[in-house]
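Working notes, beginning with the structure itself.
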Amino acid sequence: MPRSAINWLGSALVLASLGLLVLGIAVGSTGLESLWRLPHDAVARQIVWEIRLPRSLGAWLAGALLGLAGAVSQGLFRNPLADPYLLGSASGAALGSAVALVFAGAAPAGVLWLARLGMTGMAFAGAAAAVFLALMLAQGAQQGLRLLLAGVVVGVVLGAVRDALELRYPDILQPMKAFGLGSTAFVGWPACALMLGTWLLCAGAAWGLARALDGLALGEATAASLGLPLGPMRLGLIAVLALATGTAVAQTGLLAFVGLAAPHLVRSLVQAPHRISVLLASGMGAVLLLAADILARALLAPQELPVGVLTALLGGSYLLLLMYRRRSRDWSS
Amino acid sequence: MSKAAAHALRAASVGVQMRQRWILEGVDVAIPPAAWTAIVGPNGAGKSTLLRALAGLQPLARGHVELLGQPLAQWSRRARARQLAWLGQGEAAPTDLRSYDVVMLGRLPHQGWLAAPSAADHAAVAQALHATHAWAWRERPLAQLSGGERQRVLLARALATQAPVLLMDEPLANLDPPHQGDWMATVRQHIAQGATVVSVLHELGIALQADRLIVMQAGRVLHQGATADAATRAALEAVFDHRIRVRQVEGKWMAFLE
Amino acid sequence: MLSIIFFLEAISAFAQALPSQIDSIGTDGLGRPVVQGEVPRRIVSLQPALTEAVCALGECQRLVGVDRYSSWPAEVIAALPIVGGGFDPSLEAIVALQPDVVLLTRAAPIRPRLEALGVRTLALDAENQAGVQRMVDSLALLLGKPEAGRQLWQRVQASIDATARALPADIRGVRVYVEVSRGPYAAGASSYIGEILARMGAVNIVPPEMGAFPLVSPEFVLRSAPQVMIQGNADTPPPPGWERLEAVQAQRVCRFAPQQANILLRPGPRMDEAAQLLAQCLLEKAPRHAPVGN
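Have a look at this one:
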């Protein structure tokens, strides 16, 4: 079972990604028309190369980042219910966006650099700041439970600050709602390049540090007895988590469920040490989000459905199917 | 040989404190090499804490621990991990890993940073799995194993490190008597090859087969000595308030309830 | 957590120091020049008030796409493609229409993306009368007919004044509470609705210091005891304790149907019709011989 199953899943994810990418450039509010008109029509070219392709690639990359972050998060906290937003990064990103919206285009000279960061830059800064705050509050990454609690506290407090901002400046309510739902519609080529770079960096780091996750699965004492430098490795993994989550959230908003479901889906299909399962979860997240994005564009074209709803539907129904199959298998055996 | 090799492990005036309460106080133990030492005592005596202190997994309020004559703090992490293998009590088990991969984790101290497992690693894993009779289910994930089967895989993990010093806390949990016997045979085999084994056991009948006993009570060491000594056995009876009797049956020492 | 309060205060202080709109003629809300070359021939509007303004200036034919909330003039809108909402428009649909300029608000998240794709955008928001005037002037400038903009504004203002004058004197000083949406969000004295009401002699229970559309607490409304309540959104259920309000008990609540609400809640060229709706409400519901002042 083992080696071949892993290879099978890996190949399936690569094929699915390629297939979905091709599908992605064919789907949109102008339909296949744009593809047919490609050679002659400059607008069609713009639509396919400047809008559909970066959006599809962006969905793939954001899903890859979230899947990676979810797998790292679940391994780090040894909790199958962990998701990438656990250390308050979601609330931090939302707060960063809210602040950016409040200053929208009308910042005084002193904070002009802040306005230049834009919504995406502020969202990323917010996510990173939240994780940093959680680390400060927990006084380091030594104790998993304390870090988890600190993350929850930071998330709640920053969420409250954001709520207060929304009340004070009700103009930002609607865009913040859109941010909360998540959307892949605003991803362009620069965003894709940024996410690609981040993904390569984070995937590499996670692959190198995956050992710590394997050891931690045996318990902190045993992991320490195996000679793993847990402290620095954990910090490294948290940095990966913050970077991947912050980058994804900055570009696509708070997409629910991808980071949570992707590692579960991988685990239900193969059993592998973390250095493999983390990368597979990344691929699974990418495929999940890209599929959801395509469905969001295609189902009710030209109107679009919110992507977050579709990721929950897709991931959730597949998990339900797996649970049902496992239960009937257990009963019959 | 230098005097440093006289003891495999030594704890000197070790004290461990948790929330103002002293779990261990003024503990001096010496673990001789190539022998099996069992730590016994009533619940709450501090047995697990002492074992953790010897393994370097417990922050000490007082005193220090020496491994092969050198203080633990001076050992590099990897070197220490290669010398000392630890098996905790009721260890968390990564349920979605295959048994083989779990045992391979025991080879971490020997593996390079990003290196794939070597032939030596695979050989060690195979040897460990055979020693605990767990080879048959090496492909199955831990979640699908029974308690006893899982414990044998975890034991194999500790054995796979091939460390000269083995510290095990309640290693016989969930094991039925034939497998408990297997475990003892493995221990004897290791010791014959020069390894040191320290175990915390509450199965007194098994503990009495060890070479040495450390009898603990309320965070202090009541007595430590060879099991063959009458004084040691008397201390064992005393620490359980004389509610047990230690007698020899068919040449083996056993503990009976009053 | 004092640090959080300081943080909030700092943001507040910064934002209050900002002008709500860049104060100069010929630029949009983000300070970019309105006139850039020719008059745009293909316009996409993502804001209903802006759609109405373009049509009111007589340039409806330049519109090639609108958002789903634009509703007036109905015949024109029905024939135009819809490109999504103001905050979730379809990027592809907009680009496919090849617009010369896209009209939207400053906070629209799609703005940077459109600009990255080389589509020109114009950001115009308004929350009070001065803002609406600037918006109309800017659009008129954009469309190459500044005189039409001035005429439109004068006509709207004259109509509002006439409506106000037509109201009997004995309703002056009536205390009014205008609720624009669930929250409850009120229209304060400094909003365009508040300004229209002020010209009619009504007193807004929400003072200008609270902002144009603040979130008020139901307690505040109860304490201020308005004599007439105007509900822009008829579906919002009343908060608990509302029945004790004098206005509710005396049945002095004006509710508006969705079509009328659209007129009332858009700061645009149909403000004169909004004024008429408000005047009608006051005429019917305001108690006569109301005491002057609070």
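Chains as they are written, first to last, in my numbering: chain H, 1 to 333; chain E, 1001 to 1258; chain D, 2001 to 2294.
Note that beta-carbon positions come from the ideal geometry of N, C-alpha and C, so glycine has one too.
It should be emphasised that the depicted structure is a prediction, and the values quoted were computed from it without experimental measurement.
Item to complete: Hey, could you find the ends of the alpha helix (DSSP H) residue 1036 of chain E is sitting in?
Response: Premise fails: residue 1036 of chain E lies in the beta strand (DSSP E), 1036-1040, not in any alpha helix (DSSP H).
Discussion item. Is the separation between the beta-carbon of residue 34 of chain H and that of residue 55 of chain H shorter than 9 angstroms?
Written reply: no
Practice prompt. Measure from the C-beta of residue 2125 of chain D to each C-beta in chain H and report whether the shortest distance is under 9 angstroms.
Written response: yes
Worksheet item: Comparing the C-beta of residue 2214 of chain D with each C-beta of chain H, is any distance below 9 angstroms?
Response: yes
Worksheet item: Which bits of chain H does residue 1114 of chain E rub up against, with CB to CB less than 7 angstroms?
Response: 208
Worksheet item: What whole-angstrom Cβ distance do residue 285 of chain H and residue 259 of chain H have, given they're in contact under 8 angstroms?
Response: 7 angstroms
Worksheet item: Do the region 1222-1233 of chain E and the region 1053-1061 of chain E touch if we need at least three Cβ pairs shorter than 8 angstroms?
Response: no
Worksheet entry | Coarse secondary structure for residue 1111 of chain E, derived from DSSP in three states | coil
Worksheet item: residue 1152 of chain E: which of E:1084, E:1138 and E:1020 sits nearest, CA to CA?
Response: E:1138
Worksheet item: Helix, strand or coil for residue 1203 of chain E per DSSP?
Response: coil
Worksheet entry | Residue from E:1256, E:1212 and E:1219 whose Cα sits closest to the Cα of residue 1266 of chain E | Not covered by the structure: residue 1266 of chain E. The range shown for chain E is 1001 to 1258.
Practice prompt. Find out if the Cβ-Cβ distance for the pair residue 1104 of chain E, residue 1117 of chain E is shorter than 9 angstroms.
Written response: yes
Practice prompt. Grab me the residues of residue 2073 of chain D's own chain with a C-beta within less than 6 angstroms of its C-beta, minus the 5 sequence neighbours each way, in chain order.
Written response: 2055
Worksheet item: Shortest alpha-carbon distance to residue 194 of chain H belongs to which of H:248, H:180 and H:177?
Response: H:248
Worksheet item: Name the chain E residues that come within less than 8 angstroms of residue 229 of chain H, Cβ to Cβ?
Response: 1077
Practice prompt. On the DSSP bridge assignment, give the partners of residue 2254 of chain D in chain order.
Written response: D:2230
Fill in: Residue span of the alpha helix (DSSP H) that contains residue 1245 of chain E, given as start and end
It is not in any alpha helix (DSSP H) - residue 1245 of chain E instead sits in the beta strand (DSSP E) that spans 1244-1249.
Fill in: Residue nearest to residue 2085 of chain D in terms of C-alpha spacing, selected from D:2066, D:2117, D:2127 and D:2096
D:2066
Worksheet item: For residue 2078 of chain D, does the count of other Cβ atoms within 10 angstroms reach 16, so buried, or fall short, so exposed?
Response: exposed
Discussion item. So the candidates are D:2040, D:2286, D:2026 and D:2039; which of them puts its Cα closest to the Cα of residue 2176 of chain D?
Written reply: D:2286
Worksheet item: residue 144 of chain H: beta carbon under 8 angstroms from a heavy atom of the ligand SAM?
Response: Ligands are entirely absent from the displayed structure, and the ligand SAM is therefore not among its contents.
Practice prompt. Report, in whole angstroms, the separation of the C-beta atoms of residue 2139 of chain D and residue 2030 of chain D, which I expect to be a contact under 8 angstroms.
Written response: Residue 2139 of chain D to residue 2030 of chain D, Cβ: 15 angstroms. No contact.
Discussion item. By the DSSP assignment, the beta strand (DSSP E) with residue 1225 of chain E in it spans what residues?
Written reply: 1220-1226
Fill in: Proximity to residue 1160 of chain E [Cα-Cα], best of E:1142, E:1172 and E:1190
E:1190
Practice prompt. Leaving out five residues on either side along the sequence, give the residues of the same chain with a beta carbon under 8 angstroms from the beta carbon of residue 1091 of chain E.
Written response: 1154
Discussion item. Is there a Cβ of chain D sitting closer than 9 angstroms to that of residue 183 of chain H, yes or no?
Written reply: yes
Worksheet item: Do we get a CB-CB distance below 9 angstroms when we pair residue 108 of chain H with the residues of chain E?
Response: Only weak support exists for where residue 108 of chain H lies, its pLDDT of 47 falling under 50; the value from the coordinates is given anyway. For residue 108 of chain H, the answer is no, since every Cβ of chain E falls outside 9 angstroms of its Cβ.
Worksheet entry | Interface residues of chain D facing residue 304 of chain H [CB-CB closer than 8 angstroms] | 2084, 2088 and 2090
Discussion item. Here's the rule: buried if 16 or more other CB atoms are within 10 angstroms of the residue's CB, otherwise exposed. What is residue 110 of chain H?
Written reply: Here the model assigns residue 110 of chain H a pLDDT of 46, short of 50, so the residue's position is not dependable and the matter cannot be decided.
Item to complete: Determine the direct distance from the alpha carbon of residue 9 of chain H to that of residue 108 of chain H, and round the result to whole angstroms.
Response: Caution applies to residue 108 of chain H, whose pLDDT of 47 falls short of 50 and renders its modelled position unreliable; the value that the coordinates give is listed next. So the alpha carbons of these two residues sit roughly 53 angstroms apart.
Discussion item. So residue 1135 of chain E and residue 1129 of chain E are supposed to be a Cβ contact under 8 angstroms. How far apart are they, rounded?
Written reply: 4 angstroms
Fill in: Within the region 2132-2208 of chain D, ranges of the beta strand (DSSP E) (whole runs, at least 3 residues)
2175-2181
Worksheet item: Hey, how far is the Cα of residue 2021 of chain D from the Cα of residue 256 of chain H?
Response: Only weak support is given to the placement of residue 2021 of chain D: the predicted model assigns it a pLDDT of 45, under 50, and the value that follows is read from those uncertain coordinates. Approximately 36 angstroms, taken between the alpha carbons.
Worksheet item: Is the shortest distance between the beta-carbon of residue 220 of chain H and the beta-carbons of chain D less than 9 angstroms?
Response: no
Item to complete: Using a Cβ-Cβ cut-off of 9 angstroms, state whether residue 267 of chain H counts as contacting chain E.
Response: yes
Worksheet entry | Inter-residue spacing [alpha-carbon to alpha-carbon] between residue 1065 of chain E and residue 135 of chain H | 32 angstroms
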